[in-house]
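Under numbering that gives the first Met the number 0, the first residue of the sequence shown is numbered 0, with each subsequent residue one higher. Backbone N, C-alpha and C define an ideal beta-carbon position, used for all residues, glycine too. This one's a predicted model, so the numbers in the text were calculated from it and none came from an experiment. Worksheet for the structure shown next.
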Amino acid sequence: MIIKPMIRNNICLNAHPEGCARYVRSQIDYVRGQSAPFSAADSPIKNVLVIGASAGYGLASRVVASFGYRANTLGVAFEKAGSGKRTATPGWYCDRELTAAATAENLRAETIIGDAFSNEVRDQVLQKLKSDYGPIDLLVYSLASGLRVDPADGTTYRSVLKPLGKSYSARSIDPIRGELLDVTIDPANEEETAATVKVMGGGDWKLWSAALMENNLFATGALNIAYSYIGPELTFPVYRDGTIGRAKADLERSAAEITSTMSGVDGRAYISVNKAVVTRASAVIPVVPLYLAILFKVMKQRNLHEDVIQQMYRLFTTRLYAGGEIECDDEGRVRIDDWEMRPEIQQAVIAAWSEVGADNLAEVTDLEGYRQNFLNIHGFGFPQIDYSKDIAL
Ligand code: NAD
Numbered sequence: 000m001i002i003k004p005m006i007r008n009n010i011c012l013n014a015h016p017e018g019c020a021r022y023v024r025s026q027i028d029y030v031r032g033q034s035a036p037f038s039a040a041d042s043p044i045k046n047v048l049v050i051g052a053s054a055g056y057g058l059a060s061r062v063v064a065s066f067g068y069r070a071n072t073l074g075v076a077f078e079k080a081g082s083g084k085r086t087a088t089p090g091w092y093c094d095r096e097l098t099a100a101a102t103a104e105n106l107r108a109e110t111i112i113g114d115a116f117s118n119e120v121r122d123q124v125l126q127k128l129k130s131d132y133g134p135i136d137l138l139v140y141s142l143a144s145g146l147r148v149d150p151a152d153g154t155t156y157r158s159v160l161k162p163l164g165k166s167y168s169a170r171s172i173d174p175i176r177g178e179l180l181d182v183t184i185d186p187a188n189e190e191e192t193a194a195t196v197k198v199m200g201g202g203d204w205k206l207w208s209a210a211l212m213e214n215n216l217f218a219t220g221a222l223n224i225a226y227s228y229i230g231p232e233l234t235f236p237v238y239r240d241g242t243i244g245r246a247k248a249d250l251e252r253s254a255a256e257i258t259s260t261m262s263g264v265d266g267r268a269y270i271s272v273n274k275a276v277v278t279r280a281s282a283v284i285p286v287v288p289l290y291l292a293i294l295f296k297v298m299k300q301r302n303l304h305e306d307v308i309q310q311m312y313r314l315f316t317t318r319l320y321a322g323g324e325i326e327c328d329d330e331g332r333v334r335i336d337d338w339e340m341r342p343e344i345q346q347a348v349i350a351a352w353s354e355v356g357a358d359n360l361a362e363v364t365d366l367e368g369y370r371q372n373f374l375n376i377h378g379f380g381f382p383q384i385d386y387s388k389d390i391a392l
């Protein structure tokens, strides 16, 4: 099959196996190139469970845990294998590459493909940890999902990305066509808001944490981390003050509750607020692609640009495992979005936002960088790959 990107409404419908492998290898190479990788003997982490392990921040966390900290990793991800006519999902190829690369270095790395919200998958993970891994030193909870079937009663909840209270109108972009758009998003109703909290809030993280505690699968001193986002006031109506922000507030509140349940192993749960990056999840949030294209320009100009792997490497080495107390903000959250949120960065973004137009897109934004990043996470846009070549799936 000849595989060229098929993109509709900021969603890429296919993936390139060789390109996804290359994408993962570039993350591994980044970690290998850093100055202080650990040996298995002196690593503070031996076993890691990553929920949402095949893409975005979860994948990058797993690369850092495996190749920076020489940890064994068990992953959970919701991905589809290819069939005769369809490619696999990008996460499926990325996961295949990562687990093969780790296994080749005698690290244990397996992934359970299935619905992390289900009791069945949780049970499978618990059994696997008990039989093959032992207690974990770190749980990374990095799910981004549009729906959740509540295992308690089988109800399906769908998350929405909408403002609360009133409509929100803003400038946005179709990053693939390079067209600026003015979008208006109607506010969510209460049911949609509650459903978004059910999907992306802390409920499922609490279930995983409780199950791991009950089964003695957290090692002494274990860390338990979930990812959140705050971002600038520019995106507050659709993010922090919108339905997803309600869910994130619920997730963030869960951290203290979970920590209190982990006292028996002296474990702690944290939220890490990460920076905005291009992932399949963030590409479909209205307004965010334009913000990202501007942010890339501003951060690259100041040599502060980071993608998922740089963020996760910095999170592990300068926050989670830097030695001593983990540095947190007033609300107990780890802030690895600190560079994005620097006042001079945000002022420059606001200035660019107010002047961006069809005639100056290339000067004011790094739309090309955004596109490249978006293509890369699906295995496209690598000059070393001949995309006209027929590939066996
Ligand atoms: P992503 O879309 O790149 O990855 C999501 C992962 O979740 C994939 O591995 C996918 O397989 C898995 N997944 C989804 N539904 C699942 C299910 N039902 N069962 C098992 N696995 C499932 O997402 P991302 O952007 O890396 O987001 C991960 C976390 O990071 C989210 O909590 C998100 O809010 C947070 N975050 C993202 C950004 C950003 O800019 N992308 C910024 C800060 C924080």
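- Excluding the 5 residues flanking it on each side, N215 has same chain C-beta neighbours closer than 8 Å at P134, in chain order.
- Taking 8 Å as the upper bound for CB-CB distance, I308 and S271 are not in contact here, some 15 Å apart.
- Listed in chain order, the non-local C-beta contacts of Y156 below 7 Å within the same chain comprise L146, R147, D149, A194, K197, V198, local neighbours out to five positions each way being set aside.
- Distance between I376 and Y22, taken at the CA atoms: about 7 Å.
- Take F116, set aside five residues on each side of it, and the residues of its chain with a beta-carbon closer than 7 Å to its own are R147, V148, P150, D203, in chain order.
- Here T72 carries a strand assignment [DSSP, helix/strand/coil].
- DSSP places E109 in the strand class (E or B) of the three-state scheme.
- Within a 10 Å sphere around the beta-carbon of M298 sit 16 or more other beta-carbons, which makes this residue buried.
- Take the alpha-carbon of I349 and the one of T88: they are about 35 Å apart.
- Between the segment 170–179 and the segment 350–365, the count of C-beta pairs closer than 8 Å reaches three or more; the two stretches touch.
- Taking the Cα of K205 as reference, the smallest distance to any Cα among D385, R121, Q346 is reached at R121.
- With respect to L58, L138 sits apart: the two C-beta atoms are not nearer than 8 Å.
- Rounded to whole angstroms, the gap between the alpha carbons of I384 and E78 is 24 Å.
- With at least 16 other beta carbons inside 10 angstroms of its own, G201 counts as buried.
- Apart from sequence neighbours up to five positions away, the residues of its chain that approach E119 with a beta-carbon distance below 8 Å are G113, ordered along the chain.
- Here the alpha carbon of V159 sits roughly 19 Å from the alpha carbon of G51.
- For S168, the uninterrupted beta strand (DSSP E) segment begins and ends at 167–173.
- If only uninterrupted alpha helix (DSSP H) runs of at least 4 residues are considered, those enclosed by the segment 28–103 are 55–62, 89–103.
- DSSP lists T155 as the beta-bridge partner residues of V148.
- I229 and G153 have their C-alpha atoms some 31 Å from each other.
- Taking a contact as a CB-CB distance under 8 Å, the pair T234 and V286 counts as one, their CB atoms being some 6 Å apart.
- For S227, the pairing in a beta bridge is given by DSSP as V272.
- In the DSSP assignment, I308 falls within the alpha helix (DSSP H) that extends over 307–314.
- In the DSSP assignment, L128 falls outside any alpha helix (DSSP H) and carries neither an H nor an E.
- Residue state for L216 is assigned as coil, using DSSP reduced to three classes.
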